[in-house]
Amino acid sequence: MRGPQWLDDGMPHIWLPYTQMQTVLPPLPAVRTSGCDIHLADGRVLVDGIASWWTACHGYNHPHIREAVSAQLGRMPHVMFGGLVHEPALTLATRLAAILPGDLERVFFTDSGSVAVEVAIKMAIQYWINRGVSGRNRLLAFRGGYHGDTLATMAVCDPEEGMHALFSGVLPQHYIVDLPRDEASFRALETLLSESGDEIAAILVEPMIQGAGGMLFHGPDVLRRLRTLADRYGVLLIFDEIFTGFGRTGTMFACEQADVVPDIMTLSKALTAGTMALAATVTRSHVFEAFLSDNPLHALMHGPTFMANPLACACANASLDLFATEPRLQQVARISAQMTEELEACRGLPNVRDVRVMGAVGVVELDAIADMNRLKAALIALGVWVRPFRTIIYLTPAFTVRPEELSRLTSAIAQVIRDGAAG
Ligand SMILES: *Cc1c(COP(=O)(O)O)cnc(C)c1O
1 MRGPQWLDDG MPHIWLPYTQ MQTVLPPLPA VRTSGCDIHL ADGRVLVDGI ASWWTACHGY
61 NHPHIREAVS AQLGRMPHVM FGGLVHEPAL TLATRLAAIL PGDLERVFFT DSGSVAVEVA
121 IKMAIQYWIN RGVSGRNRLL AFRGGYHGDT LATMAVCDPE EGMHALFSGV LPQHYIVDLP
181 RDEASFRALE TLLSESGDEI AAILVEPMIQ GAGGMLFHGP DVLRRLRTLA DRYGVLLIFD
241 EIFTGFGRTG TMFACEQADV VPDIMTLSKA LTAGTMALAA TVTRSHVFEA FLSDNPLHAL
301 MHGPTFMANP LACACANASL DLFATEPRLQ QVARISAQMT EELEACRGLP NVRDVRVMGA
361 VGVVELDAIA DMNRLKAALI ALGVWVRPFR TIIYLTPAFT VRPEELSRLT SAIAQVIRDG
421 AAG
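The opening residue of the sequence shown carries number 1 in full-length UniProt numbering; numbering runs sequentially from there.
Now the structure itself:
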């Protein structure tokens with residue numbers, strides 16, 4: 001079947017993400033979304049198990065968000081944030097400060113997750129410079145971590161994910177170590193901090209779940225101990241909640257499960273519920289105060305052109321309305337229970353290494369995926385949009401997914417594994 005004309009015309013001119021363009025299979029032309037459905041140009045409808053890279057937490061085209069964007073579009077789609085401020089951004093900052101734990105109350109807006117992490121790194125390094133401490137210019141991050149695709153964030157990703165070898169000589173050198181999950185690795189981390197802590201500006205971690213690195217889970221005790229070590233060695237602690245923030249792990253923010261307040265937190269992905277690009281770097285007061293000075297060089301010299309875009313902030317405010325008025329965290333708990341029960345069918349199947357669920361994240365880890373294209377095609381043939389990567393097939397549905405839609409997603413995963421489509 002022929003695709004739409006714009007597909008044929010445009011494919012020779014587009015460069016797709018994470019794609020070897022020489023061997024790329026034709027991507028699916030999407031023309032419309034609604035709820036958990038993605039409508040394709042040929043009339044097929046796929047049930048979305050991924051919520052567009054974990055963003056569309058209330059499903060697509062939620063009327064409340066659409067109305068907020070339309071109203072803002074009529075008033076002021078954008079205005080520069082240098083020298084001017086506006087209600088959507090200041091209201092959003094106020095609301096984020098109110099729902100974030102502790103004194104995480106100072107918000108710097110950017111336009112993508114990677115940039116929010118870049119700003120966090122820049123803040124952490126400048127924090128020490130402003131305080132007259134020299135030499136603290138490296139980050140301590142973890143294998144399995146993912147913090148973005150820009151050069152500064154690649155350098156704090158898992159070495160493989162961040163392609164440290166390919167870009168060696170270009171990327172700054174940070175400490176990338178195993179995430180400490182047992183006594184021995186905690187001791188190793190403590191040794192590193194005691195020997196090299198005075199070179200380290202901050203520890204950077206995705207709390208509870210390392211997402212793009214493979215949906216790897218850890219317990220709240222890991223975060224509590226990182227907080228303790230950060231305090232003991234006087235380094236800052238940054239939580240990258242770009243994936244985990246806004247309910248995904250079962251609490252509004254993953255750090256709540258450990259009762260730990262990081263010094264800096266990054267947010268994006270579900271911040272605008274998947275409608276507009278927006279990110280935030282939020283700091284505690286003591287971090288912000290290190291930038292207050294008579295010396296102009298102590299200011300944070302950063303300001304993306306589209307920072308605090310009013311349309312995006314209006315989306316985020318409307319999304320927070322929905323978290324306040326609709327039972328999102330109960331829905332996450334229900335999704336969690338249903339995925340736990342239904343993905344159990346995969347355990348014990350050939351090629352299945354692990355089945356795990358946390359909040360609205362369900363993962364089936366395989367020994368190997370031999371033919372990724374065949375697996376993806378098999379899932380699409382079953383009418384679901386699920387994007388396996390590395391050795392995992394996972395679900396991060398909208399929190400508004402209906403039980404029967406979720407069952408279609410979980411049973412499609414069990415079926416492709418049973419059919420050997422992944423083997
Ligand atoms: C997606 C992601 C990023 C990068 O966000 P972009 O908007 O894609 O730049 C950073 N950190 C984590 C934890 C993420 O999941």
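Cβ coordinates follow ideal geometry from the N, Cα and C atoms, glycine included. Since we're looking at a predicted model, the values are computed, not measured.
| Asked | Found |
| --- | --- |
| Looking at arginine 387 and valine 47, is the spacing between their C-beta atoms short of 7 Å? | no |
| In angstroms with no decimal places, state the Cα-to-Cα distance between leucine 292 and leucine 204. | 24 Å |
| Helix or strand or just coil, what does DSSP make of glutamate 241? | coil |
| Using CA atoms only, rank isn't needed, just tell me which of Ser34, Leu16, Val260, Gly35 is closest to leucine 28. | Leu16 |
| Where does the unbroken alpha helix (DSSP H) through aspartate 321 begin, and where does it stop? | 310 to 325 |
| Am I right that leucine 92 and methionine 265 are in contact with their C-beta atoms under 8 Å? What's the rounded C-beta distance? | Incorrect: roughly 15 Å between the Cβ atoms, too far for contact. |
| Beta-carbon separation of tryptophan 385 and phenylalanine 243 under 7 Å? | no |
| Please confirm if the stretch 181 to 200 is in contact with the stretch 144 to 161, defined as three or more CB-CB distances below 8 Å between the two stretches. | no |
| Opposite arginine 232 in the DSSP bridges: which residues? | DSSP, once it has assigned bridges, lists no residue as partnering arginine 232. |
| Is there contact between the stretch 323 to 337 and the stretch 355 to 371, where contact requires at least three CB pairs shorter than 8 Å? | yes |
| Going by the DSSP bridge assignment, what does serine 34 pair with across the sheet? | Asp37 |
| Under 6 Å from any heavy atom of ligand 1, does the C-beta of glutamate 199 make it? | no |
| Just to confirm my understanding: we take threonine 340, look at its own chain, exclude 5 residues before and 5 after, and list those with CB closer than 7 Å. What are they? | Val357 |
| Would you grab the beta carbon distance between threonine 153 and glutamate 118 for me? Rounded to a whole angstrom, and I think it's under 8 Å. | 6 Å |
| Below 8 Å on the Cβ atoms is my contact criterion, and I expect serine 112 with serine 268 to pass it. Report the Cβ-Cβ distance as a whole number of Å. | 7 Å |
| Within 10 angstroms of its Cβ, does glutamate 344 collect 16 or more other Cβ (buried), or is it exposed? | exposed |
| Tell me whether phenylalanine 253, by its Cβ, gets closer than 6 Å to a heavy atom of ligand 1. | no |
| Compare the C-alpha of glycine 250 against each of Leu329, Gly348, Cys57 and name the closest. | Leu329 |
| Taking C-alpha atoms, which residue in Glu405, Phe239, Ile417, Gln20 lies nearest to alanine 120? | Phe239 |
| Here's a check: name, in chain order, each residue in its chain whose Cβ is nearer than 6 Å to the Cβ of cysteine 36, leaving out the five neighbours to either side. | Val47, Asp48, Gly59, Ala398, Val401, Glu405 |
| Should the stretch 167 to 174 be regarded as contacting the stretch 213 to 222, the criterion being three or more beta carbon pairs within less than 8 Å? | no |
| Touching or not, the stretch 75 to 94 and the stretch 288 to 302, by the rule of three or more beta carbon pairs under 8 Å? | no |
| Give the DSSP-derived three-state secondary structure of arginine 143 in the structure shown. | coil |
| Going by DSSP, what residue range makes up the alpha helix (DSSP H) through glutamate 161? | Note, glutamate 161: premise wrong, no alpha helix (DSSP H); not H, not E. |
| Please go through the same chain and pick out, in chain order, the residues whose beta-carbon is closer than 7 Å to the beta-carbon of leucine 237, but skip the five residues on each side of it. | Ala202, Ile203, Leu226, Arg227, Ala230, Pro262, Asp263 |
| Drop a sphere of 10 angstroms on the beta-carbon of arginine 138, count the other beta-carbons inside from all chains shown, and report buried for 16 or more, exposed for fewer. | buried |
| Using DSSP bridges, identify the partner residues of valine 107. | Val282 |
| So which of Leu223, Val31, Tyr233, Met21 has the shortest CA-CA distance to phenylalanine 142? | Leu223 |
| Tell me whether the beta-carbon of proline 88 lies closer than 7 Å to the beta-carbon of alanine 314. | yes |
| For phenylalanine 389, count the other beta carbons within 10 Å of its own beta carbon; 16 or more makes it buried, fewer makes it exposed. Which is it? | exposed |
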